[in-house]
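Enquirer: Heads up: the protein sequence lines correspond to chains A and B, in order. So the mapping is simple: this note's numbering equals the position in the first sequence, first residue as 1, plus 102. So the mapping is simple: this note's numbering equals the position in the second sequence, first residue as 1, plus 50. Positions of the beta carbon are idealized from the N, C-alpha and C atoms, including for glycine.
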Amino acid sequence: TQLLEQSPQFLSIQEGENLTVYCNSSSVFSSLQWYRQEPGEGPVLLVTVVTGGEVKKLKRLTFQFGDARKDSSLHITAAQPGDTGLYLCAPRENTGFQKLVFGTGTRLLVSP
Amino acid sequence: DTEVTQTPKHLVMGMTNKKSLKCEQHMGHRAMYWYKQKAKKPPELMFVYSYEKLSINESVPSRFSPECPNSSLLNLHLHALQPEDSALYLCASSHGSGSFNEQFFGPGTRLTVL
């Protein structure tokens, strides 16, 4: 499974700002998951997107799966300090189902 | 109970020591995983157990030895580690196979090899 590139690698913003994190690959995936890892904790699943062009919302977080199922984005509206963490995308395949290969990660710091 | 517990939380060991990391879940999950995470990097898969049998070994050096005594427990035995093995070791579990199965992670054991 190809490693997904995430951008930016690091983002430091003030509370209330908006931001977008990108997850890109040249491969097509059957689905894609986004996880958030807070300091001192393990990753926690935020969402799974399955259909090309799909948009899912989780409170202030909006996830989109690219039409061609090669990329995804995560948009956070009015970021809060509690959003601080490492955001990881992970493609899921129909085969090799047990393997979870994370993208390169985006480290987000939201300051009060 | 949707928790994966890991012990110890921190571990410091010498290169000649033998130690074990432990992971436990009581969600009835039949798949369990070990990941290694270096600082500022994403977690990397090491091992997968499915129904208490090792199903994936990502070419991990033999100084790391996994064990699954029963469906709730997963151990990682460590022997003759190197300083570069210092990392956060994460355990995870999932209901089973299937590409959408959510993996639940423990908080990790932070390992330092001197």
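Distance, Cα to Cα, E88(B) vs G187(A)?
Expert: In the second sequence, counting from the first residue as 1, residue 88(B) sits at position 38. In the first sequence, counting from the first residue as 1, residue 187(A) sits at position 85. The sequence given here places Lys at residue 88(B); Glu does not occur at that position. Each residue's Cα considered, the two are about 15 angstroms apart.
Enquirer: For Q75(B), return the contacting residues in chain A, with the cut-off set at a CB-CB distance below 7 angstroms.
Expert: Position 25 of the second sequence, counted from the first residue, corresponds to residue 75(B). Those do not exist, as Q75(B) stays about 12 angstroms from chain A at its closest Cβ, beyond 7 angstroms.
Enquirer: From W84(B) to L211(A), what does the alpha carbon distance come to, in whole angstroms?
Expert: Reading the second sequence from its first residue, position 34 is the one you call residue 84(B). Reading the first sequence from its first residue, position 109 is the one you call residue 211(A). Distance between the alpha carbons of W84(B) and L211(A): 27 angstroms.
Enquirer: Leaving out five residues before and five after K68(B) in sequence, what residues of the same chain have Cβ atoms less than 6 angstroms from its Cβ?
Expert: In the second sequence, residue 68(B) corresponds to position 18, counting from 1. Once the five neighbours on either side are set aside, the close Cβ partners of K68(B) are H129.
Enquirer: Pop quiz: T159(B) and Y139(B) are said to be a contact at Cβ under 8 angstroms. What is the actual Cβ separation, rounded to whole angstroms?
Expert: Looking up residue 159(B) in the second sequence gives position 109. Looking up residue 139(B) in the second sequence gives position 89. Contact holds; Cβ gap of about 5 angstroms.
Enquirer: If I'm right that E274(A) touches Q182(A) with Cβ under 8 angstroms, what's the distance once you round it to whole angstroms?
Expert: This structure gives no information on residue 274(A), because the portion of chain A shown stretches from 103 to 214.
Enquirer: Cβ atoms of G146(B) and H76(B): under 9 angstroms apart, would you say?
Expert: Translated into positions along the second sequence, residue 76(B) becomes position 26. Translated into positions along the second sequence, residue 146(B) becomes position 96. Not a contact, by the Cβ cut-off of 9 angstroms.
Enquirer: Which whole-angstrom value describes the C-beta separation of Q153(B) and A137(B), a residue pair presumed to lie in contact below a C-beta threshold of 8 angstroms?
Expert: Counting from 1 along the second sequence, the entry for residue 153(B) is found at position 103. Counting from 1 along the second sequence, the entry for residue 137(B) is found at position 87. Contact flag wrong, Cβ pair sits at about 18 angstroms.
Enquirer: Between G184(A) and chain B, is any beta-carbon pair separated by less than 9 angstroms?
Expert: Here the question's residue 184(A) lines up with position 82 in the first sequence. So, not an interface residue.
Enquirer: Less than 9 angstroms between CB atoms is the rule here; does P92(B) satisfy it with respect to chain A?
Expert: Position 42 of the second sequence holds residue 92(B). By this cut-off, P92(B) is an interface position.
Enquirer: What is the rounded straight-line gap between the Cα of A172(B) and the Cα of S100(B)?
Expert: A question about residue 172(B) goes unanswered here, because the residues of chain B that appear run from 51 up to 164.
Enquirer: Kindly say whether L147(A), judged by its beta-carbon, lies nearer than 9 angstroms to any beta-carbon of chain B.
Expert: What you label residue 147(A) is simply residue 45 of the first sequence in a count that begins at 1. Interface residue, yes.
Enquirer: Considering Q166(A), what are the terminal residues of the beta strand (DSSP E) in which it resides?
Expert: The residue given as residue 166(A) occupies position 64 in the first sequence. Element bounds for Q166(A): 163-167.
Enquirer: Which of helix, strand or coil does DSSP assign to T103(A)?
Expert: The residue labelled residue 103(A) in the question sits at position 1 within the first sequence. Only weak support exists for where T103(A) lies, its pLDDT of 49 falling under 50; the value from the coordinates is given anyway. DSSP places T103(A) in coil when its eight states are reduced to three.
Enquirer: Check for me: the beta strand (DSSP E) holding E117(B) runs from which residue to which?
Expert: By one-based count along the second sequence, residue 117(B) stands at place 67. Residues 114-120.
Enquirer: Mapping the DSSP letters down to three states, classify G184(A) as helix, strand or coil.
Expert: Your numbering for residue 184(A) matches position 82 in the first sequence. Three-state result, G184(A): helix.
Enquirer: Give the range of the beta strand (DSSP E) segment to which S136(B) is assigned.
Expert: Along the second sequence, read from residue 1 onward, the residue named residue 136(B) stands at position 86. Run containing S136(B): none; DSSP gives neither H nor E here.
Enquirer: Compare the C-alpha of P111(B) against each of L164(B), L123(B), M96(B), E74(B) and name the closest.
Expert: Against the second sequence, residue 111(B) aligns to sequence position 61. Ranking L164(B), L123(B), M96(B), E74(B) by Cα distance to P111(B) puts M96(B) first.
Enquirer: Any beta-carbon of chain B closer than 9 angstroms to the one on K201(A)?
Expert: For the purposes of this step, residue 201(A) is taken as residue 99 along the first sequence, with counting starting at 1. It does: the Cβ of K201(A) has a partner Cβ on chain B nearer than 9 angstroms.
Enquirer: Let me see if you follow: with CB-CB separation under 9 angstroms, is G78(B) close to chain A or not?
Expert: As a first step, residue 78(B) is located in the second sequence; it is residue number 28 there, counting from the start. It does not: the Cβ of G78(B) has no partner Cβ on chain A nearer than 9 angstroms.
Enquirer: According to DSSP, is M65(B) helix, strand or coil?
Expert: Start at 1 with the first residue of the second sequence, and residue 65(B) comes out as number 15. Reduced to three states, the DSSP call for M65(B) is coil.
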